[in-house]
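J.:
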DNA sequence: GGCCTATTTTAATCAACATTAAAATCCATC
DNA sequence: GATGGATTTTAATGTTGATTAAAATAGGCC
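Structure representation (structure tokens):
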């Protein structure tokens with residue numbers, strides 16, 4: 300499924316970051332978080348590189364020391380978001396208990412990443428305008444994530460902890476609810492991250508539970 | 300809450316469309332649907348007016364006979380989406396039965412609009428880059444819609460048809476799931492609109508039901 | 001102090017669209 | 001088949017913001 304071009308893209312990026320020191324990594328990560336916040340708050344077309352740079356006390360041109368292009372900046376934001384999701388999924392899968400328990404564990408971990416200190420996570424609303432290789436990569440990860448979640452649901456149904464339902468649809472519904480969270484949740488807002496975590500998992504427990 | 304500038308914007312738009320005939324209205328509506336499809340599939344920044352125009356067998360310049368700017372095109376797409384939501388909400392509120400019944404009725408109507416013949420509905424991911432007046436208008440409608448939905452949930456809790464829960468959170472979760480649907484649902488795809496409607500409402504019934 | 005690398009800035013450049021103005025075409029009606 | 005409004009095209013124009021190249025600065029290390 301993966302084209303030669305994609306692999307090339309991937310390795311290019313690895314090279315790009317490979318030799319840089321830890322200072323670099325730190326700033327690069329900060330860039331990604333700031334950019335994600337901008338994209339979520341001001342929209343993709345609404346945020347210029349200058350906007351992002353200003354928040355980092357930098358010139359727009361300076362960003363090109365960290366990313367090759369705006370497109371790549373978006374891509375890396377999405378990649379970061381996908382990575383956080385994947386990590387949460389791995390933890391959920393590794394958790395003990397019934398299918399329901401593990402599904403909820405995953406959700407809780409993901410919510411923690413979304414609302415917690417890991418900083419703002421980019422909503423993936425501009426996937427289509429990524430260049431082919433990057434788009435394929437993100438879509439692939441995204442697809443895998445969905446499949447993993449559906450698998451958890453299926454296991455839950457099998458072991459009787461989750462009520463029988465259309466796995467695909469249910470997965471999509473919950474994923475949608477998750478993905479939409481950055482739209483309405485603001486750290487430091489009226490609702491705390493802890494509350495969201497508790498209430499959201501509670502919601503899913505009821506939605507899924509047998 | 301509404302500024303003078305906003306009102307001005309609104310009336311300007313009314314004037315713009317007021318005198319035109321029914322042919323015009325028809326084509327204008329088609330434009331909005333095609334544009335919504337483009338924005339959803341190719342992203343906002345990924346769709347040029349030329350793209351939209353091509354699908355209508357028109358030149359990009361011709362679109363300016365129907366809209367004043369790209370920004371306004373987006374705004375009208377969002378407005379159309381909001382209107383469909385509002386209509387569904389009105390029908391749901393007017394339906395009989397318990398709070399749960401009415402909430403589900405609203406959802407069903409909204410799903411029908413989203414997946415049915417009314418054509419593709421724009422995902423509102425670029426609200427921030429609307430100009431102030433338009434942004435305020437859309438946000439206001441959106442907020443109202445959420446409030447209405449939360450009210451339905453509250454009524455359901457009051458009459459015992461919906462299990463006690465945090466109304467705001469639950470509303471946000473379900474709205475998120477709804478708003479995300481255009482991301483994965485493709486008319487003519489593997490899953491029919493009817494199936495989505497049935498399964499999604501079923502999901503919400505379980506999530507909400509007492 | 002001098003050197004080397006990492007980081008950032010200044011000052012252009014450049015391209016992609018959005019947008020506009022004027023002209024052309026289409027179409028119903030007289 | 002001529003007239004007038006509605007609709008669309010052709011051909012520029014403009015502006016924004018991404019991108020680049022070369023120069024400047026900062027800081028660790030000898």
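Residue numbers (our numbering), protein chains in the order written: chain C, 300 to 509; chain E, 300 to 509. Where a beta carbon is used, it is the ideal one built from N, C-alpha and C, also for glycine.
(1) Ignore the nearest five residues each way along the sequence and tell me which others in residue 448(C)'s own chain have a CB closer than 6 Å to its CB.
(2) Using the beta-carbon of each residue, which ones in chain E are nearer than 8 Å to residue 495(C)?
(3) For a quick check, are the C-beta atoms of residue 398(E) and residue 426(C) less than 9 Å apart?
(4) Within the present structure, is the beta-carbon of residue 442(C) separated from the nearest heavy atom of the ligand GTP by less than 8 Å?
(5) Quick one: using the 10 Å Cβ neighbour count with 16 as the cut-off for buried, is residue 316(E) buried or exposed?
(6) Please name the residue or residues paired with residue 508(E) in a DSSP beta bridge.
(7) Quick check on residue 358(E): does DSSP put it in helix, strand or coil?
(8) Using only the alpha-carbon positions, how far apart do residue 456(E) and residue 433(E) sit?
(9) Check whether the Cβ atoms of residue 472(C) and residue 476(E) sit closer than 9 Å, and answer yes or no.
(10) When you compare each of 326(E), 353(E), 319(E) and 417(E) to residue 337(E) by their alpha carbons, which one comes out closest?
(11) Distance check for residue 505(C) and residue 306(C), CA to CA, integer angstroms please.
(12) Does residue 410(C) pass the burial test, meaning 16 or more other C-beta atoms within 10 Å, or should it be called exposed?
(13) Under a Cβ-count criterion, where at least 16 other Cβ atoms within 10 Å of its own Cβ denotes burial, should residue 491(E) be classed as buried or exposed?
(14) Under 9 Å Cβ-Cβ, which residues of chain C neighbour residue 404(E)?
(15) Considering only the alpha carbon of each residue, which of 323(C), 355(C) and 335(C) lies closest to residue 421(C)?
(16) Inspect the beta-carbon positions of residue 384(E) and residue 327(E) and report whether they are closer than 9 Å.
(17) State yes or no: is the beta carbon of residue 440(C) nearer than 9 Å to at least one beta carbon in chain E?
(18) Go ahead and pull the three-state DSSP assignment for residue 423(E).
(19) Once you ignore the five residues that flank residue 441(E) on each side, which residues in its own chain have a CB closer than 7 Å to its CB?
(20) Could you spell out the range, first to last residue, of the alpha helix (DSSP H) harbouring residue 384(E)?
(21) For residue 306(C) and chain E, any beta-carbon pair shorter than 9 Å?
(22) With H, G and I counted as helix, E and B as strand and the rest as coil, what does DSSP make of residue 366(E)?
(23) What would DSSP say about residue 485(E), mapped onto helix, strand or coil?
(24) List the residues of chain C whose Cβ lies closer than 9 Å to the Cβ of residue 515(E), in chain order.
(25) By Cβ distance below 7 Å, which residues in the same chain neighbour residue 348(C) in space, the five residues on each side in sequence not counted?
(26) Just how far apart, CA to CA, sit residue 430(E) and residue 365(E)?
(27) The alpha helix (DSSP H) spanning residue 410(E) covers which residue range?
(28) I need the boundaries of the alpha helix (DSSP H) containing residue 343(C), first residue and last residue.
(29) Throw me the rounded Cβ distance for the residue 329(C) and residue 355(C) pair, which I believe falls under 8 Å.
(30) Quick check on residue 417(C): does DSSP put it in helix, strand or coil?
(31) Should residue 322(E) be labelled buried (16 or more other beta-carbon atoms within 10 Å of its own) or exposed?
(32) Starting from the Cα of residue 501(C), find the closest Cα among 419(E), 403(E), 488(E) and 468(E) and give me that residue.
(33) Can you tell me whether DSSP reads residue 429(C) as helix, strand or coil?
T.: So, from the listed chains and residues:
(1) 470
(2) 468
(3) no
(4) With respect to small molecules bound, the structure shown includes none, and the ligand GTP cannot be examined in it.
(5) exposed
(6) 461(E)
(7) coil
(8) 35 Å
(9) yes
(10) 353(E)
(11) Because residue 306(C) sits at a pLDDT of 48, beneath the cut-off of 50, its placement in the model cannot be relied upon, and the following sentence gives the value as read from the coordinates. So the alpha carbons of these two residues sit roughly 42 Å apart.
(12) buried
(13) exposed
(14) Chain C residues near residue 404(E): none, gap ~18 Å exceeds 9 Å.
(15) 335(C)
(16) no
(17) no
(18) coil
(19) 381
(20) 369-393
(21) Residue placement at residue 306(C) is poorly supported in this model, since its pLDDT is 48, which falls under 50; the coordinates are not used for a value here.
(22) coil
(23) coil
(24) Examination of residue 515(E) is not possible in this model, given that chain E is present from 300 through 509 alone.
(25) 359, 362 and 369
(26) 18 Å
(27) 398-414
(28) Counting along the chain, residue 343(C) falls outside any alpha helix (DSSP H), and DSSP gives it neither H nor E.
(29) 7 Å
(30) coil
(31) exposed
(32) 468(E)
(33) coil
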